[in-house]
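*Asks:* Quick one: the structure is below, and I'll ask about it shortly.
There are 2 protein chains.
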Amino acid sequence: MKLSRKVPLNALRVFEAVARHRGFSRAAEELGMTQTAVSYQIKLLEDHVGEQLFLRQPRQIVNTETAERMLPDVTRAFELLNDAMVSARQASNETLEIHSSPTFASHWLARNLGSFQLDYPSIAVRLLRVSKITDFNRDPADISIRWGVGPWPDLDCHLLGRFSFAPMLSPALAETIGGVSSPEDLLKLPIIGAGQGSWQTWFATVGVPAPDLSGHTRHNYVEQDLCGNAALAGQGVAILNHIFFSEDLASGRLIAPFNQYCTDDIGIWLVHPKSRRNTPKIKAFREWVIQAVASDMQRTEPKPPQA
Amino acid sequence: MKLSRKVPLNALRVFEAVARHRGFSRAAEELGMTQTAVSYQIKLLEDHVGEQLFLRQPRQIVNTETAERMLPDVTRAFELLNDAMVSARQASNETLEIHSSPTFASHWLARNLGSFQLDYPSIAVRLLRVSKITDFNRDPADISIRWGVGPWPDLDCHLLGRFSFAPMLSPALAETIGGVSSPEDLLKLPIIGAGQGSWQTWFATVGVPAPDLSGHTRHNYVEQDLCGNAALAGQGVAILNHIFFSEDLASGRLIAPFNQYCTDDIGIWLVHPKSRRNTPKIKAFREWVIQAVASDMQRTEPKPPQA
DNA sequence: CTGGCGCCATAAAGAGAACTTATGCATGAA
DNA sequence: TTCATGCATAAGTTCTCTTTATGGCGCCAG
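Sequence order for the protein chains is L and G.
Reading the first sequence from the start, the letters are residues 78 to 384 in the numbering used here.
Reading the second sequence from the start, the letters are residues 78 to 384 in the numbering used here.
Structure, rendered in structure tokens:
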């Protein structure tokens, strides 16, 4: 059954305009439709009500008693609906909820988000560190930032970058074994996040046969920022992205004993539901972050080693 | 405050039901549509708002903040619209505005309307005596009762009856000429409403050659009830419908010296706009009056003379 | 852990409401 | 009278909305 069979909403909207303008043609102009369509809708409503609503007099129409009685409520109702829509639409541009991988949140967004907020002062950002992959059907997120190899189906996916990584550790820890000069030296130290494929990738890149890291189970964090914290605390050597720890390297809190950086097929992606591609706040953030990460990479990313 | 014609009203109604039921399928059932249609409308609304309104979780949906913010206003708005429709529809059954020929109003409705109101106590009748023919485009009438020969185009027309008429006068006036025994005697008296065709019709019926009534311009009323009043006042002889003056005849205030009644092609009609044929109050009155007039005629109408 | 069930999404197709174009008619003004 | 204004009607078109059909996902019971 047609929804408008019960209460003809569109007809009521037309009615409201006609009653205000005292004329079909004028109402039609406001509503952006033809006079004919207005006539049709009014007749429809009159049939529903069972009562004439307007007396058609030359030059203008006159509201009947019934129309006058209905008008205040109808006007008020459409004001409410309008308000609800407007405020919702505004709210939708006001708060941006980002569910980000903890590492990216702590080591990149935390440092760079300020510039986005300066560019878009009207958008309030709510930033959540999430480890579980965001399901837009369950979480009220606008945007998710996640690690992964490739685009996910049914989502708009934008690759922010595949970042260089290399082993890093605290200078103090390096001293305990008299400094680190060869990749094999690392094996004398606790390996943080030993289960990560990047360790194998890195050793392969520097020409060391795949070492057995199965003994290094002590600090097997999944999240890179935890690995980073452990490394900073001198608990071992971790394989970290340069871009996320560039400040720690610059300040000397961490060192990367080998200038041998490499990448793999895991990248950081920005994803959001396809349908919301053009929502202003989403579009604004997407364009900003893609540009900002690219420019950060260009500035700080080390050259990958020659194969 | 102009309401953009892009506000998706039907979607908002669906939204309201979904938010209340916390489920598309349940809302669909209430609205009498399929779950698919609900899904479609919600997506439509979400696109307009630019914001997810419901989180789809297994077994139920959850309103987002945006939805919660919109809900009170939307609910209230639809209450108002509903109220406006209901009260208008009720009002339309509450008051019946009848624009009637003065004669019928005074000499028939005034006597018989009580029985209609007993039958339909919820309908308040507003009865207006109007001489000018009712134009439903200009007057807020529900029903018009008028004299005429035949159906009018574009209107629902119901013939109530073609009534017998004959000359009538007050007994006192008759005495002034020693009683009225032949049709020609009437010409000694002032003729009321001499311009009416019924006089010619009646004289023809009783076999009197069409008399020249052009001298009788004193009481040339158009409305029969005025003619009747003049006749009651003894100002002359009028040609009147039996049905409208049966009580005056019965009480002796008027006499019809000849039992020669006749009719012509002019009748009393009940008319109303075609589109409102089935409006309850109109239907009720129409059926009542047709029946009531018919039964009154059967009871009181004199037999027309043999030609 | 497997199959049934509840609930929502998507695709395709169809119905029918709503809109437009074209035209006519009535009224009041120039 | 003629023109301009404003609404009604008819016919044809557009496109929103709906339904039917199908599939996925998560929960629960056996």
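Just so it is clear, CB atoms sit at the ideal spot from N, CA and C, and this is done for glycine as well.
Quick caveat, the model's predicted, so the values are computed rather than measured.
Along the chain, where does the alpha helix (DSSP H) containing A249(L) start, and where does it finish?
*Replies:* First-last of the alpha helix (DSSP H) with A249(L): 248 to 253.
*Asks:* Might you give, ordered along the chain, the residues of its own chain that have their beta carbon closer than 8 Å to the beta carbon of L309(G), omitting 5 neighbours on each side?
*Replies:* S247, D325, R330, L331
*Asks:* Measure how close the beta-carbons of A307(G) and H296(G) come, nearest whole angstrom, since I'm counting them as under 8 Å.
*Replies:* The Cβ separation is near 5 Å, so the contact holds.
*Asks:* Could you compute how far the alpha carbon of A96(G) sits from the alpha carbon of A218(L)?
*Replies:* Distance between the alpha carbons of A96(G) and A218(L): 20 Å.
*Asks:* To the nearest angstrom, how far is the alpha carbon of V202(L) from that of E364(L)?
*Replies:* 15 Å
*Asks:* Since L205(G) and I175(G) should fall inside the 8 Å C-beta cutoff, what is the C-beta to C-beta distance between them, to a whole number of angstroms?
*Replies:* With 8 Å as the limit, L205(G) and I175(G) qualify as a contact, their Cβ atoms being about 7 Å apart.
*Asks:* Can at least three beta-carbon pairs, one atom from the stretch 152 to 168 of chain L and one from the stretch 123 to 133 of chain G, be found at a separation below 8 Å?
*Replies:* Verdict: yes, contact present.
*Asks:* Taking 9 Å as the cut-off, decide whether the C-beta atoms of V115(G) and A144(G) are in contact.
*Replies:* In this structure, V115(G) sits away from A144(G), with a CB-CB distance that is not shorter than 9 Å.
*Asks:* Can you tell me the Cα-Cα spacing of M245(L) and D124(G), whole angstroms?
*Replies:* If you take the alpha carbons of M245(L) and D124(G), they lie about 47 Å apart.
*Asks:* May I ask you to report which of helix, strand or coil DSSP gives S177(G)?
*Replies:* strand
*Asks:* In chain order, what are the residue ranges of uninterrupted beta strand (DSSP E) at least 3 long that sit wholly in the stretch 260 to 333 of chain G?
*Replies:* 314 to 318
*Asks:* Tell me, please, whether the CB atom of Q383(L) is closer than 9 Å to any CB atom in chain G?
*Replies:* No answer about Q383(L) holds up, because its pLDDT of 46 lies below 50 and its placement is not dependable.
*Asks:* For chain L, find out if any of its Cβ atoms is closer than 9 Å to the Cβ of V84(G); answer yes or no.
*Replies:* yes
*Asks:* In terms of residues, what are the limits of the beta strand (DSSP E) holding R239(L)?
*Replies:* That residue, R239(L), is in no beta strand (DSSP E); it is neither H nor E in DSSP.
*Asks:* Closer than 8 Å, Cβ to any Cβ of chain G: which residues of the stretch 116 to 128 of chain L, in chain order?
*Replies:* Within the stretch 116 to 128 of chain L, the qualifying residues are K120, E123, D124, H125, V126, G127, E128.
*Asks:* Who are the neighbours of T211(G) on chain L, taking C-beta pairs under 7 Å?
*Replies:* Going along chain L, no residue has its Cβ under 7 Å from T211(G), so there is no contact; the nearest lies around 12 Å.
*Asks:* From N170(L) to S352(L), what distance separates their C-alpha atoms?
*Replies:* 16 Å
*Asks:* Quick one, which of Q273(G), N214(G), A243(G) has its alpha-carbon nearest Q134(L)'s?
*Replies:* N214(G)
*Asks:* Along the chain, where does the alpha helix (DSSP H) that runs through Q134(L) open and close?
*Replies:* Careful: Q134(L) lies outside any alpha helix (DSSP H), inside the beta strand (DSSP E) at 131 to 134.
*Asks:* For V151(G), would you say it is in contact with chain L, using Cβ-to-Cβ distances shorter than 9 Å as the test?
*Replies:* yes
*Asks:* Could you confirm whether any beta carbon from chain G is found closer than 9 Å to the beta carbon of A201(L)?
*Replies:* no
*Asks:* Which of the three DSSP states is assigned to M147(G) in this structure?
*Replies:* helix
*Asks:* Rounded to whole angstroms, what is the Cα-Cα separation between P334(L) and G256(L)?
*Replies:* Whole-angstrom Cα-Cα distance: 9 Å.
*Asks:* Go to N140(G), then tell me how far its beta strand (DSSP E) extends in each direction, as first and last residue.
*Replies:* Segment 137 to 140, the beta strand (DSSP E) holding N140(G).
*Asks:* For a quick check, are the C-beta atoms of L236(G) and P350(G) less than 9 Å apart?
*Replies:* Taking the C-beta atoms as reference points, P350(G) is found no nearer than 9 Å to L236(G).
*Asks:* Which residues does DSSP pair with H349(L) in a beta bridge?
*Replies:* Per DSSP, D233(L).
*Asks:* Would a check of beta-carbon distances place L158(G) closer than 9 Å to chain L?
*Replies:* yes
*Asks:* Can you tell me which of the three DSSP states V226(L) falls into?
*Replies:* coil
*Asks:* Could you check whether the Cβ of A308(G) sits closer than 9 Å to any Cβ belonging to chain L?
*Replies:* Not a single CB atom of chain L sits nearer than 9 Å to the CB of A308(G).
*Asks:* Give the secondary structure of A413(G) by DSSP, where H, G and I count as helix, E and B as strand, and everything else as coil.
*Replies:* This structure cannot settle anything about residue 413(G), because the visible part of chain G is limited to 78 through 384.
*Asks:* Could you tell me the boundaries of the alpha helix (DSSP H) in which V366(L) lies?
*Replies:* 357 to 377
*Asks:* Counting pairs of Cβ atoms below 8 Å between the stretch 266 to 286 of chain L and the stretch 357 to 377 of chain L, do you hit three or more?
*Replies:* no
*Asks:* Using a threshold of 9 Å, state whether the C-beta atoms of N318(L) and F193(L) are closer than that.
*Replies:* Remark: C-beta atoms of N318(L) and F193(L) do not approach each other more closely than 9 Å.
*Asks:* Between which two residues does the alpha helix (DSSP H) carrying L122(L) extend?
*Replies:* 112 to 126
*Asks:* Look up G344(L) in the DSSP assignment and say whether it is helix, strand or coil.
*Replies:* strand
*Asks:* Decide if T356(G) is buried, meaning its Cβ has at least 16 other Cβ atoms within 10 Å, or exposed.
*Replies:* buried
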